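Novice: Just so you know, the sequences run in chain order A and B. With numbering that gives the first Met the number 0 applied, the first sequence covers 0 to 479. With numbering that gives the first Met the number 0 applied, the second sequence covers 0 to 1039. For glycine and all other residues, C-beta sits at the position ideal for the given N, C-alpha and C. Values in this document were obtained by computation on a predicted structure and should not be read as measured data.
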Amino acid sequence: MHPLEAHYQNATRRAFLKQSGLGLGAMALGSLLTESLFAAAPGAAGHPLAARAPHFAPRAKRVIYLHMVGAPSQLDLFDHKPALQAYDGKPCPDEFIQGKRFAFLRGHPTIAASKLAFRRHGQSGAELSELLPHLATVADAIAIVKSLHTDEFNHAPAQLFLHTGFGRLGRPSFGSWVTYGLGSENSDLPAYVVLLSGPLAGAGTSLWSPGFLPSVHQGVQFRSSGEPVLFLNNPEGHSATDRRQVLDTVRSLNQVQLADVGDPEIATRISQYEMAFRMQTSVPELMDISKESKATLELYGAEPGKTSFGNNCLLARRLIERGVRMVQLYDADWDHHADLATRLPRKCKDVDQGMAALVRDLKQRGLLDDTLVIWGGEFGRTPMAQNDSGSGTATKTGRDHHKDAFTMWLAGGGVKRGITFGRTDDLGYHIVENPVHVHDLNATVLHLLGLNHERLTYRYQGRDFRLTDVHGKLVKGLLA
Amino acid sequence: MPATLPPLLRRPCSALALALGAATPLPGAPIDFAREIRPILANRCYDCHGDERPKGGLQLTTRAHALRGGESGGPALVAGQGAKSLLIQRLTTADDDDVMPQKGERLSGREISLLRDWIDQGAVWPDHVRHWAYEKPVRPAVPVLEEGETEGTRDREKVSSRRPSVSPSPSLVRNPIDAFVFARLAHEGFTPSPATDKARWLRRVSLDLTGLPPSPTDTARFLADASDTAFERVVDRLLTSPHYGERWARPWLDLARYADSHGFQRDDLRELWPYRDWVIRAMNEDMPFDRFTTWQIAGDLLPEVQSPADRLAHIDMLIATGFHRAAPTNVEAGTDQEEGRVNQVFDRVNTTAAVWLGSTLECAQCHNHKYDPFTQKEYYQLFAYFNSTARETDFTTPKAMAALKFTGPYLSVPDGTHEGPKITLRARMAKLDDQISALTLRDPPGLAAWETAQLATLDTTSQTHPLEIANFDSLEGSVYRLLPDKSVLLVDDAPDQDTYVITVHTKLRGITGFKLEALTDPSLPGTGPGRGDAQRPNFVLNSFRVTAATAGRSPEPVKLAKATASFSQARFSVDNLLKVETDNRGGWAINPQFRQDHWATFELAQPLDAAEGTTLTFTLVQNLGSGRTIGRLRLNALTGRIRATAVPAEIAAILRKSRAQRTPQEQVQLRAQFLAQDKATAELKAARTKLAEELARLKDPQTLVMQELAEPRASSVLNRGSFLDPGERVEPGTPAVLHPLSARSAHPNRLELARWLVDRDNPLTARVAVNRWWAEFFGRGIVSTLEDFGVKGDAPTHPELLDWLAVEFMERGWSMKHIHKLITLSATYRQSSRLTPELLARDDQNKLIARGPRFRLDAESIRDNALAVAGLLSPKLGGPPVRPFQPPGLWENKVGGDRVTYEVSTGEDAHRRGVYTVWKRGSPYPSFMNFDATSRTACTVRRSRSNTPLQALTLLNDPVYVEAAHALAKRVRTELPDAPDAARLRHAFQLCLTREPGAAELAALAQLLQQQRALGRGDEAAWHAVATALLNLDEMISKG
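This is the structure we're talking about:
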């Protein structure tokens, strides 16, 4: 490498322009801005997505966040409560409903025991319901946290609370905070990617919004049908050659302008056009899973060309392999107020194989050590039965929203393996051991990424904002 | 002329040299506590060491507290001994556990040395430091510049100046703005940049004042006008353009978090656009800002609108209150309505404080503000002003204790244009009604013939028997209600897909077929029969399967031989339901015959005839998605020979009677049966439906307004901000640190607050407003933290200019256009934006304004500008939100809320200005979001300005920009039909950038044109490539 180039790569962009400008004169700027200097934009120092040093040595470098939109029933999947059998169909003890607010439950609800069989798995003896046979095979690789709790009990606010630390609209999402804190390790793909199976969650695109952070930190949704990224494809009838000619002209005109007016933003613009061009190749290549081995496709239950949670799990692995910092998967339809007996098994069938395959595959490839996988919903569900839609009409048994206790699991990235953390009471209603508030979870996940949640701040409208607001404590019991 | 600068000017300058960040104070120069030290303490220490529960018992809010120290013992500082002071030691220690601050970034070396030097100088810390922003602005004297003076050298004792100091010539000064800016420049040893060329200035000022580029005619006229008044003429023309209001409404609508939907999970659309149009109008009329404020905060409480008779004459006062109705509303089922209401009041308090007071009050929701002098109690006193409006949600039905609807006061805005057409439509409808009802009153023509025909086949034709539903099951858990007519009605939100499993028991014998009825109902979207959305209430039935079980035996599939339907949509024939293999896309559907009952009959291959009764199970799969499921249905068994028009058993009985034997009621039933299949009647009814739809579209627009409750609600401090934990009672009131209420009313309300906000003594409102405008023009405020004028905010770079502008604004009748005119005609604004190495080195952020502004346009302007140069932009003002093209499916694929199909606007509405684009909070227009627009979920004072690859992709590939490139290419070729390439290239370039291209630029474009022609796709494609390149230039999307 030319010594000058090496020097400039270490300098921030503005500092670079200052120095070169002073030393060489403005007219030289344009010619200095060669591709070798700025092509790998996010890799270059000074770029808003340049990789940034964490506060301390990280255990995880990347996160895959699997969100089951609507909130799965922890009582039918993880938090086995044999004691409920004795109360099944009986009125709920008063102390559980006095002074509590529910979304739908009214009057005096009855208890609903799980109808599902639970078994212990692996050396860790993790208890899982029969609906998760695949996850059971990786039980020793995950940490099941049964003592999550949150502040919000409606979907949109609780989704926002989980992902932005605030139950209303307007704050940056978890993923945005992470890329703000750590930057990107990839110059061909966005740092923060979102994949959906099923419709958009209630809180909409706010769940991956950068809030008041610069918009380079917004999550970019990749789509499994149509254009994988909005506006990625060239308009019909435009070949790559044709486009390259246009881009080259844009670049040379921008360089003329840069030499004339000297605004460093023009240099950034030039590099972003190059990245856009690279994304036109890198994104379709990424989304094409047809070249994965048959064994891999079978492991995930993935089928090229389909939209499924399994496909998205495989894509998540492909994304983090390429250095994408933050991948979020949203799977819809877990809000089982009614007919849980039919709907929960169907949903588990949608996700069980894919998520277990993801853990296994990451492990096989040595990626699980520094990749953190998180699975969960925005809150839990009640041990009480819901047999009424809230409109006075009878429905088959389901469960209402419950914010005081729910289960998530984590894997890899410096989290203890094969443990079950936290405990709820015999009814699965209250937490009795090691409570983990959503702010605590977020503080802990940032810690695993090498970020002190109290130091990761952003000044906006006169206030230093944090993902964890003024709360959050590290859950040391989860750290390996 | 005074030989030296007035002292007023000199004093702040010495301090501001530090604020610039480029200079370091000379050793020995006294450090000003209020300007230099307190901001550091406030910003970096008070989070933990403020007055509220200080960590380690240490408070750093007064000198006495600092000298007392905290629990670790000893004073935090020793006056005169910086290095020995604990404060400095804890800031500089290498021990990670001890180093301060424990939260947030470490202090910079410069900050630490300032603190050390200040302690060395004796830690001068006045007892009462009043923050500058809470003192009322007083008009400062305008500095006078003198030829040949060099401020830097004259003020040598205070400012180090190693640079050559050249004073700007006084002749450069065009108005007082320049005097303030240039005096400061001179003081720092800068000279202003030369004036930019006329073409660049014209583009800059046009984009700034109207958001649109100058037309070629505008440009030619201005370039040809060498008179002194040429610039002023341009500014006057732009200020009176109706597009001025469109341009300046944009930032205000961000503040007002104006959107066309509720936000949250049930992100349904709401009608508030008359408020948006009012903002545009008010700005075009240059409504004085004090009135503009009063109407928005409390227009509903003004005396003019108290009598209902006068409301119409002053309707704008009411429309303006939409400002605070724009707050998001959570109508997700199961939401606690009181919590939702309190959250909205919080939003209103916080937004008001941000917009008018430049203050962040949110912190005081839970506790006394840590750095700014606002207490928690004062927060709830402001809250009390907003606490007396009605809740804006309600239960959908009184019995349903979960599902919510959006309510709250609204206003019909009479729109005279509809009156004539409405009268005509109503008259035509009345005529049709008469014709239709006439048919039912006496026996219509054709009835007798129909009766005879029916009777002839009656014995051999089938009869229908509605089946009593024993069990209804929705795989999605849909909620339903069984109606007395044996139909089942689905209620609440429709799931995306659904499958119904219906069980019936029947003793009927000789069942030859089934009839499925898909019925309308007033509760369904658009009355159904589908559940998906009100515009297109279609359903798609993918499969219809029946099993039959007779006593003791297991269920057997029932084979369906033939199907007939009232109507089948093209490619969605009812015959599809006979197929063995079905998928999620095909099936039976009824588009476009919405809003009417439909039926399908299925003939059985073998009749069912069990003496002991039969249990039938019907499975209806509806998996297309988007809620295309049946909203109300009834199942019937058929007996006898199947015919498509089988009459119900009841009608058959009537037919068998003679005319004389029938009761009048029976005769009416019979006529109804006849009319239901009568073609002539159907045509009349269809015509009437069409008219009704037309009429519905002509309804007056509505808009949301504020309305005070008759009885004010009592307000309390909410402990930790929780609405479940009210504490001390409070009355409406304003913060003590600011000016007092001039007249306390007996019934303090929002009007009192509004008048207080625009009181001439309010130190903040005018400063905050002019500062926001300044930032729109220069890319940076005089106070760079537009949203925070508190102690943690940045100090003003030009405090006296800020005060001068604020006073000028108020004294000139709160005229926004006056200030805009001053700014745009100033020499400061006219400077070239060229960034020289020296300017980059000394003032990269242009704090001193030694050059003109250059930065990227906002999202709406980028699109407006492209459409304008392409000649596509519609100049139409106002009206309902428009829906420009966006990739399909973005709105539809969403949990909860009404299903609204995004129907792309046609005609000129496809190319309206961005301010009219529909703003759906949960799914905003993606092309704008890629350019830092906000989803308008909360008050936004300052948008970020990023530079991303998604922006490149948007400009290259978003169909609107592809279309604009085509139009631009066509425009250039049409406007210069026989011109050589070079002339056309020059024209295209000038259309986009106003200025002439340079030789290198022209050459690059010419090369592209040749390369493209070589690709052999024709001349049009080659010009399209040129247009695309131009629309993608950084300069195209920047103001420079």
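1) Which word fits A/K402, buried or exposed, when buried means at least 16 other C-beta atoms lie within 10 angstroms of its C-beta?
2) On the criterion of 16 or more Cβ atoms from any shown chain inside 10 Å, does B/P1 qualify as buried, or is it exposed?
3) Where do the N-terminal and C-terminal ends of the beta strand (DSSP E) with B/T218 fall, by residue?
4) Under the three-state reduction of DSSP, which class applies to B/R972: helix, strand or coil?
5) Since B/R855 meets chain A, which of its residues come closer than 8 Å, beta carbon to beta carbon?
6) Give me the chain A residues within the contact set of B/S934, using Cβ-Cβ distance strictly less than 9 Å, ordered along the chain.
7) Just to check my reading of the structure: B/D299 and B/T320 have Cβ atoms closer than 8 Å, yes? What is that Cβ distance to the nearest angstrom?
8) Name, please, each residue of chain B whose Cβ falls closer than 9 Å to the Cβ of A/Q271.
9) Alpha carbons only, please: which of A/T295, A/Q385, A/V358 is nearest the one belonging to A/I373?
10) Taking only beta-carbon positions, decide if B/R833 is within less than 8 Å of chain A.
11) Does B/M832 pass the burial test, meaning 16 or more other C-beta atoms within 10 Å, or should it be called exposed?
12) Which same chain residues end up closer than 7 Å to A/H54 when comparing Cβ atoms and leaving out the 5 residues on each side of it in sequence?
13) Quick one: is B/S926 buried, meaning 16 or more other Cβ sit within 10 Å of its Cβ, or exposed?
14) So B/D931 and B/R944 are in contact, right, with Cβ under 8 Å, and what is the actual spacing, rounded?
15) Whole angstroms are fine: how far does the CA of B/E377 sit from the CA of B/V757?
16) Using the beta-carbon count (16 or more within 10 Å), is A/H446 buried or exposed?
17) Are the C-beta of B/A1024 and some C-beta of chain A separated by less than 8 Å?
18) Taking the alpha carbon of A/S208 as the reference point, which residue from A/G201, A/G218, A/A50 has its own alpha carbon closest?
19) Of the residues B/P287, B/S922, B/S461, which one's Cα is nearest the Cα of B/I650?
20) Should A/W176 be listed as close to the ligand ZN, given that the test is whether its C-beta is under 7 Å from any heavy atom?
21) Quick one, are the C-beta atoms of B/C362 and B/R719 less than 8 Å apart?
22) At the 8 Å Cβ level, is A/N441 part of the contact set with chain B, yes or no?
23) Report the option in B/V620, B/H1023, B/V141, B/N283 whose CA atom is closest to the CA atom of B/N575.
24) I want to know whether the segment 294-310 of chain A touches the segment 270-285 of chain A - three or more CB-CB distances under 8 Å.
25) Answer yes or no: does any C-beta atom of chain B fall closer than 8 Å to that of A/G476?
26) Can you tell me where the alpha helix (DSSP H) with A/K348 in it begins and where it stops?
27) Alpha carbon to alpha carbon, how far is A/D87 from A/Q385?
28) Relative to the C-alpha of A/E226, which residue among B/E337, B/A968, B/P886, B/A981 is closest?
29) Counting contacts by CB-CB distance shorter than 8 Å, is B/V478 in contact with chain A?
30) Note down the Cα distance separating A/C312 from A/E377, rounded to an integer number of angstroms.
31) Excluding the 5 residues flanking B/A609 on each side, which residues of the same chain have their C-beta closer than 6 Å to its C-beta?
32) Indicate the three-state DSSP secondary structure (helix, strand or coil) for B/G529 in the structure shown.
33) If we call anything under 8 Å between Cβ atoms a contact, is B/F263 one with B/E331?
34) Can you find a C-beta in chain A that's less than 8 Å from the C-beta of B/P136?
35) Counting C-beta neighbours from all protein chains within 10 Å, is the total for B/W1022 16 or more, i.e. buried, or is it exposed?
36) Using DSSP with H/G/I as helix, E/B as strand and the rest coil, what is A/H66?
Specialist: Checking against the coordinates, here is how it stands:
1) Residue numbering aside, residue 402 of chain A sits at position 403 when the first sequence is read from its first letter. Buried, because 16 or more other Cβ atoms sit within 10 Å of the Cβ of A/K402.
2) Stepping through the second sequence from its first residue, residue 1 of chain B is reached at position 2. Reliability of the predicted coordinates at B/P1 is poor, the pLDDT of 37 falling under 50, and no value is obtained from them.
3) Numbered from 1 along the second sequence, position 219 holds the residue referred to as residue 218 of chain B. Note, B/T218: premise wrong, no beta strand (DSSP E); alpha helix (DSSP H) at 215-223.
4) Position 973 of the second sequence holds residue 972 of chain B. The three-state reading of DSSP puts B/R972 in helix, counting H, G and I together.
5) The residue you call residue 855 of chain B lines up with position 856 of the second sequence. By Cβ distance, chain A contributes E264.
6) Here residue 934 of chain B refers to the residue found at position 935 of the second sequence. Under the 9 Å cutoff, chain A gives L168, G169, G203, T204, S205, S208.
7) Indexing the second sequence from 1 puts residue 299 of chain B at position 300. Indexing the second sequence from 1 puts residue 320 of chain B at position 321. Indeed they touch by this definition, with Cβ atoms about 5 Å apart.
8) As a working note, residue 271 of chain A is residue 272 in the first sequence. Think of a sphere of 9 Å around the beta carbon of A/Q271: the chain B residues whose beta carbon falls inside it are N946, T947, P948, L949, Q950, A951, in chain order.
9) Taking the first sequence and counting its residues from 1, the one referred to as residue 373 of chain A is at position 374. Minimum Cα distance to A/I373 is reached at A/V358.
10) For the purposes of this step, residue 833 of chain B is identified with residue 834 of the second sequence, where counting begins at 1. Chain A contact via Cβ: present.
11) Within the second sequence, the letter at position 833 stands for residue 832 of chain B. This sequence places Ser at residue 832 of chain B; Met is not what is there. Answer is buried; the Cβ neighbour count reaches 16.
12) In the first sequence, counting from the first residue as 1, residue 54 of chain A sits at position 55. For A/H54, where only same-chain residues beyond five positions count, the Cβ hits under 7 Å are G449, L450, N451, R454.
13) Position 927 of the second sequence, counting from 1, holds the residue named residue 926 of chain B. That one is buried.
14) Along the second sequence, read from residue 1 onward, the residue named residue 931 of chain B stands at position 932. Along the second sequence, read from residue 1 onward, the residue named residue 944 of chain B stands at position 945. B/D931 to B/R944, Cβ: 6 Å. Contact.
15) Against the second sequence, residue 757 of chain B aligns to sequence position 758. Against the second sequence, residue 377 of chain B aligns to sequence position 378. When rounded, the distance between both Cα atoms is 19 Å.
16) As a working mapping, residue 446 of chain A is identified with position 447 in the first sequence. The residue is buried, with at least 16 neighbouring Cβ atoms inside 10 Å.
17) For the purposes of this step, residue 1024 of chain B is taken as residue 1025 along the second sequence, with counting starting at 1. Cβ-Cβ to chain A under 8 Å: yes for B/A1024.
18) Numbered from its first residue, the first sequence carries residue 208 of chain A at position 209. It is A/G218 whose Cα lies nearest to the Cα of A/S208.
19) Start at 1 with the first residue of the second sequence, and residue 650 of chain B comes out as number 651. Selected option, being the one with the closest Cα: B/S461.
20) The ligand content of the structure shown is nil, which means the ligand ZN is not present either.
21) In the second sequence, counting from the first residue as 1, residue 362 of chain B sits at position 363. In the second sequence, counting from the first residue as 1, residue 719 of chain B sits at position 720. Their beta carbons are not under 8 Å apart, which means B/C362 does not touch B/R719 by this criterion.
22) As a first step, residue 441 of chain A must be located in the first sequence, where it is residue number 442. Output row for A/N441: interface = no.
23) What you label residue 575 of chain B is simply residue 576 of the second sequence in a count that begins at 1. The option with the nearest alpha carbon to B/N575 is B/V620.
24) Because the criterion of three Cβ pairs below 8 Å is not met, the segment 294-310 of chain A and the segment 270-285 of chain A do not touch.
25) Within the first sequence, the letter at position 477 stands for residue 476 of chain A. Not an interface residue.
26) Here residue 348 of chain A is taken as the residue at index 349 of the first sequence, counted from 1. Start and end: 339-363.
27) For the purposes of this step, residue 87 of chain A is taken as residue 88 along the first sequence, with counting starting at 1. For the purposes of this step, residue 385 of chain A is taken as residue 386 along the first sequence, with counting starting at 1. Looking at the two C-alpha atoms, the distance is approximately 13 Å.
28) By 1-based counting over the first sequence, the position of residue 226 of chain A is 227. Taking only the C-alpha atoms, the option nearest A/E226 is B/P886.
29) Locating residue 478 of chain B in the second sequence gives position 479, counting from the first residue. At least one chain A Cβ lies under 8 Å of B/V478.
30) Mapped onto the first sequence, residue 312 of chain A falls at position 313. Mapped onto the first sequence, residue 377 of chain A falls at position 378. The straight-line gap from Cα to Cα measures roughly 20 Å.
31) Translated into positions along the second sequence, residue 609 of chain B becomes position 610. So the list reads T549, once near-sequence residues are dropped.
32) Locating residue 529 of chain B in the second sequence gives position 530, counting from the first residue. Looking at B/G529 - three-state DSSP - the assignment turns out to be strand.
33) Mapped onto the second sequence, residue 263 of chain B falls at position 264. Mapped onto the second sequence, residue 331 of chain B falls at position 332. Yes; because the gap between Cβ atoms is below 8 Å, this pair is in contact.
34) Within the second sequence, the letter at position 137 stands for residue 136 of chain B. It does not; no Cβ of chain A falls within 8 Å.
35) Position 1023 of the second sequence holds residue 1022 of chain B. The residue in question, B/W1022, is buried, as its Cβ has 16 or more Cβ neighbours within 10 Å.
36) Counting from 1 along the first sequence, the entry for residue 66 of chain A is found at position 67. A/H66 falls in the strand class under three-state DSSP.
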